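Below is one structure; the comments refer to it alone.
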Ligand code: FAD
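In this note's numbering, the protein residues as written are 3 to 366.
What follows is the structure, encoded as structure tokens:
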């Protein structure tokens, strides 16, 4: 580090990277336990990935089951919040608990130093005794590859870029992906377009009277079983099933809620199916998920071949001053959901406090 960098270095006990729901849930506990911390988020406003979701997105759990620690979202047990309601809730939550978020600040690298982790950003450097990464995944959409894909002249977009069906009116659309986003986007697009839904296997639907609550109950059952050393009661993770939200039910009512198995390749104006037939296609919407956004951690020599970091709970095994929160099953059951992140956030803050309070010799 040059003397200039050293002189401008800002010091803090804990730096949280990312400013979405995972960061806020963690901040709630850091604040409660009086940790000196700051949060760096690269967005212009509060709300994390929810700001990027398509406008008509409705949560699959009622407000009471979509809340961060300490302060329930308005709406109770019967109301399924919209995207905009979640963004408002996160903005108000941030203000209510005076979360010290600096934005827009993009973290570009985290570097191990003897006396802490140096966090490099586009607005100067920090030296943090501990770092909690909560960068989510929306920056890293996953797109599968198919033969001929580059010769396809139509438009390809990820669900991360889907902004509603109106813009696609009159076009022939393929929606690819058998999860909740695939089902919801197909349900919406099929109202105004000639649309085909492509899934690897037949979709599995939850009963109509079951909503996202059951998914969290399953996540809790899995966590409890793991605590007691019992077998996983839901080895398929229980979170892959489609919730019958109103637009999906409506698509079933119109008789269009069915999917086909994947095509084998692209051609310039469409796709070729397994039986050799051809379908013209204007737009492909890939609802094929996301990968954790971890580019800022590749500067640490701890990433494995698949880009993941070895964890014990949420803590890095190889860099004990680093924790990861909110990246889904990998970092805690249901931890990529509003209510599900609480358990990981609390455990992480507890470990951070223990680390910061421990005598220096015991902390490395
Ligand atoms: P994010 O919200 O992505 O926040 C991370 C923040 O960190 C972002 O602001 C990002 O820009 C920023 N960032 C990233 N990299 C950097 C960097 N290098 N430097 C600084 N900042 C950085 N959950 C539910 O509970 N209920 C639901 O009904 C539900 N429905 C969903 C439907 C869909 C279609 C999707 C995709 C998700 C849904 N989820 C739902 C899941 C969940 O709410 C999101 O995955 C959630 O946004 C994850 O929160 P996060 O804080 O971990 O990440």
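Quick reminder that beta carbons are idealized off the backbone N, C-alpha and C, glycines included.
Note that the structure is predicted; figures quoted are calculated from it, not measured.
Return yes when the Cβ of residue j is within less than 8 Å of the Cβ of residue i, no when it is not.
{"i": "residue 31", "j": "residue 213", "result": "no"}
{"i": "residue 66", "j": "residue 78", "result": "yes"}
{"i": "residue 64", "j": "residue 82", "result": "yes"}
{"i": "residue 166", "j": "residue 249", "result": "no"}
{"i": "residue 260", "j": "residue 206", "result": "no"}
{"i": "residue 21", "j": "residue 144", "result": "no"}
{"i": "residue 171", "j": "residue 195", "result": "yes"}
{"i": "residue 133", "j": "residue 323", "result": "yes"}
{"i": "residue 368", "j": "residue 35", "result": "Residue numbering for the chain in the displayed model covers 3 to 366; residue 368 lies beyond these limits and cannot be assessed."}
{"i": "residue 85", "j": "residue 52", "result": "yes"}
{"i": "residue 350", "j": "residue 316", "result": "yes"}
{"i": "residue 236", "j": "residue 223", "result": "yes"}
{"i": "residue 221", "j": "residue 342", "result": "yes"}
{"i": "residue 281", "j": "residue 288", "result": "no"}
{"i": "residue 130", "j": "residue 328", "result": "no"}
{"i": "residue 262", "j": "residue 198", "result": "yes"}
{"i": "residue 104", "j": "residue 40", "result": "yes"}
{"i": "residue 42", "j": "residue 107", "result": "yes"}
{"i": "residue 24", "j": "residue 347", "result": "yes"}
{"i": "residue 319", "j": "residue 310", "result": "no"}
{"i": "residue 337", "j": "residue 141", "result": "no"}
Given the structure, does residue i come close to the ligand FAD, in the sense that its CB is under 7 Å from one of the ligand's heavy atoms?
{"i": "residue 78", "result": "no"}
{"i": "residue 287", "result": "no"}
{"i": "residue 341", "result": "yes"}
{"i": "residue 232", "result": "no"}
{"i": "residue 305", "result": "no"}
{"i": "residue 58", "result": "no"}
{"i": "residue 225", "result": "no"}
{"i": "residue 65", "result": "no"}
{"i": "residue 51", "result": "yes"}
{"i": "residue 44", "result": "yes"}
{"i": "residue 13", "result": "no"}
{"i": "residue 55", "result": "yes"}
{"i": "residue 140", "result": "yes"}
{"i": "residue 260", "result": "no"}
{"i": "residue 62", "result": "yes"}
{"i": "residue 107", "result": "yes"}
{"i": "residue 40", "result": "no"}
{"i": "residue 19", "result": "yes"}
{"i": "residue 137", "result": "yes"}
{"i": "residue 23", "result": "yes"}
{"i": "residue 338", "result": "yes"}
{"i": "residue 301", "result": "no"}
{"i": "residue 182", "result": "yes"}
{"i": "residue 298", "result": "yes"}
{"i": "residue 328", "result": "yes"}
{"i": "residue 172", "result": "no"}
{"i": "residue 126", "result": "no"}
{"i": "residue 334", "result": "no"}
{"i": "residue 68", "result": "yes"}
{"i": "residue 295", "result": "yes"}
{"i": "residue 309", "result": "no"}
{"i": "residue 150", "result": "no"}
{"i": "residue 179", "result": "no"}
{"i": "residue 214", "result": "yes"}
Starting from residue i, follow its DSSP beta bridges and name the residues at the other end.
{"i": "residue 124", "result": "126"}
{"i": "residue 282", "result": "272"}
{"i": "residue 333", "result": "For residue 333, which the question treats as bridged, DSSP gives no partner whatsoever."}
{"i": "residue 174", "result": "196"}
{"i": "residue 104", "result": "42"}
{"i": "residue 17", "result": "40, 133"}
{"i": "residue 60", "result": "84"}
{"i": "residue 318", "result": "313"}
{"i": "residue 292", "result": "143"}
{"i": "residue 304", "result": "Per DSSP, none; premise fails for residue 304."}
{"i": "residue 119", "result": "114, 130"}
{"i": "residue 67", "result": "DSSP lists no partner for residue 67."}
{"i": "residue 52", "result": "In DSSP, residue 52 forms no bridge with anything."}
{"i": "residue 287", "result": "159, 177"}
{"i": "residue 35", "result": "DSSP output for residue 35 lists no bridge partner at all."}
{"i": "residue 12", "result": "128"}
{"i": "residue 267", "result": "274"}
{"i": "residue 109", "result": "123"}
Do residue i and the ligand ADP come close, with the Cβ less than 7 Å from some heavy atom?
{"i": "residue 167", "result": "No copy of the ligand ADP appears in this structure; the ligands present are the ligand FAD."}
- Uninterrupted beta strand (DSSP E) stretches inside the segment 132-169 (no shorter than 3 residues): 157-160
- Task: Entirely within the segment 210-262 and at least 4 residues each: give me those alpha helix (DSSP H) ranges in chain order.
- Result: 214-229, 248-255
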